[in-house]
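Report on one structure; see the data block that follows.
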Amino acid sequence: MELERPGPHHVEGTHSVAVAIAVAALKDGCSLLEAAAVADEYLADPAPGPSSS
Numbered sequence: 001m002e003l004e005r006p007g008p009h010h011v012e013g014t015h016s017v018a019v020a021i022a023v024a025a026l027k028d029g030c031s032l033l034e035a036a037a038v039a040d041e042y043l044a045d046p047a048p049g050p051s052s053s
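Note that the sequence shown covers residues 1 to 53 in our numbering.
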């Protein structure tokens, strides 16, 4: 069995942030499906890091 390697789009810690977003959404009263959708949306397009300007 071969482990899946992160692709070029992988950002270290991205999945941890997505989990934290989903947990926050659940605590805010969202359903599990809504929380998963929010986390999935983040994973599809994570916010860029701090700008250099």
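C-beta: ideal position from N, C-alpha, C; glycine also.
Can you give the Cα-Cα distance for residue i and residue j, rounded to whole angstroms?
i            : j            : result
alanine 25   : serine 16    : 14 Å
glutamate 34 : threonine 14 : 19 Å
lysine 27    : glutamate 41 : 18 Å
leucine 32   : aspartate 45 : 20 Å
Just to check my reading of the structure: residue i and residue j have Cβ atoms closer than 8 Å, yes? What is that Cβ distance to the nearest angstrom?
i         : j          : result
lysine 22 : leucine 43 : Residue 22 is actually alanine in this sequence, not lysine. Not confirmed; about 10 Å, so no contact.
Whose C-beta lies closer than 8 Å to the C-beta of residue i among residues of the same chain, with five residues either side of it excluded?
i          : result
alanine 36 : Ala22
alanine 39 : Ala18, Val19, Ile21, Ala22, Ala25
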